[in-house]
Amino acid sequence: MCATAGLCAPTAGRAQGAPTHTGDTLRVDGVPVDSLTARELWNRADTARADTLKRAAALPLPFKPNPTRAVIYSAIFPGLGQIYNRKYWKLPIVYGGFMGFIYAVTWNNKNYRDYSDAYLHIMTDDVNSPSTWHQSWQNFVPRNRDPKDYITNTNFRNNLKSGKDYYRRYRDLSIILTVAWYFLCMADAYVDAQLFDFDISPDLSLHLAPSLAPRTNNSPELFGLTCSINF
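In the numbering used here, the protein residues as written are 1 to 231.
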């Protein structure tokens with residue numbers, strides 16, 4: 001009877017300490033526990049995950065230059081492409097090259113103009129009117145020499161013509177080199193942007209090893225050397 005009574009007691013009434021459920025509230029030992037706790041934890045996990053994604057999106061991306069933009073910048077003004085690629089150490093090379101070529105163009109053009117004017121004037125000046133002679137060709141007469149001895153001198157005239165042709169040729173060559181340098185800087189900016197994140201492996205090694213070719217019916221046993229390069 002005692003065993004039966006003991007077993008029947010829970011069915012007849014509510015055992016002490018048993019959990020009760022009323023509506024959305026779960027009571028354990030008289031302490032209410034919200035039944036939506038799991039859902040709230042899940043929502044908090046979603047919020048934390050969203051915050052993590054936002055922080056990851058806010059992180060700055062690694063710089064990767066655009067090759068098209070780099071070459072356009074370099075075309076607009078030499079050196080801008082190198083600045084855009086953050087290769088500042090190339091700027092002295094770029095501008096140093098332009099300064100050198102521009103100086104060559106200016107210097108050769110000045111000498112060309114001097115020789116050209118001198119040759120033109122000596123060929124058109126009246127031999128019998130020294131007062132009308134131009135100073136341009138007289139500047140090429142050696143010091144303490146009489147210009148009268150040179151106005152009809154064939155070698156002197158030929159020297160003026162040769163000087164004119166010489167400096168004109170090198171002036172034109174300097175212009176061509178300046179334009180070539182301009183396009184070379186554009187190509188450098190484009191290639192630099194293309195290879196900006198190119199992975200250059202530090203494993204560059206040369207290995208030498210002996211090799212042995214086995215004897216065959218047509219050839220004897222051969223010894224050799226195997227060379228391998230890792231890059």
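For each residue, glycine too, the CB sits at the ideal point set by N, CA and C. These numbers come from a predicted model, not from an experiment.
Which residues DSSP lists as bridging residue i, in chain order
i	result
residue 226	209
Whole-angstrom distance between residue j and residue i, CA atom to CA atom
i	j	result
residue 213	residue 227	15 angstroms
residue 142	residue 172	29 angstroms
residue 26	residue 47	Bear in mind that the predicted position of residue 26 carries a pLDDT of just 49, short of 50, making it too unreliable to give a figure here.
residue 66	residue 194	8 angstroms
residue 155	residue 169	21 angstroms
residue 78	residue 100	14 angstroms
residue 180	residue 144	45 angstroms
residue 185	residue 209	44 angstroms
residue 130	residue 159	21 angstroms
residue 157	residue 102	29 angstroms
residue 92	residue 115	34 angstroms
residue 107	residue 140	17 angstroms
residue 178	residue 128	45 angstroms
residue 90	residue 82	7 angstroms
residue 136	residue 123	12 angstroms
residue 163	residue 74	37 angstroms
residue 85	residue 196	8 angstroms
residue 211	residue 217	19 angstroms
residue 267	residue 98	Absent from the model: residue 267. The displayed extent of the chain is 1 to 231, so no value can be given.
residue 148	residue 76	54 angstroms
residue 174	residue 105	5 angstroms
residue 183	residue 117	34 angstroms
residue 152	residue 146	12 angstroms
residue 80	residue 96	15 angstroms
Endpoints, alpha helix (DSSP H) assigned at residue i
i	result
residue 116	91-124
residue 68	67-76
residue 80	80-84
As assigned by DSSP and simplified to three states, the class of residue i
i	result
residue 190	helix
residue 220	coil
residue 142	coil
residue 184	helix
residue 197	coil
residue 170	helix
residue 155	helix
residue 127	coil
residue 148	helix
residue 13	Note on residue 13: pLDDT 43, under 50, position unreliable in the model; no value is reported.
residue 177	helix
residue 61	coil
residue 133	coil
residue 161	helix
residue 29	The predicted position of residue 29 is uncertain, since its pLDDT is 48 and thus under 50; a value taken from the coordinates is nonetheless stated next. It is coil, neither helix nor strand.
Rounded distance between the beta-carbons of residue j and residue i, thought under 8 angstroms
i	j	result
residue 190	residue 71	4 angstroms
residue 126	residue 134	Not a contact, Cβ separation roughly 11 angstroms.
residue 167	residue 119	Not really, about 11 angstroms apart at Cβ, beyond 8 angstroms.
residue 192	residue 87	6 angstroms
Cβ of residue i within 8 angstroms of any chain B Cβ
i	result
residue 73	Reference to chain B is not applicable here, since this structure consists of a single protein chain.
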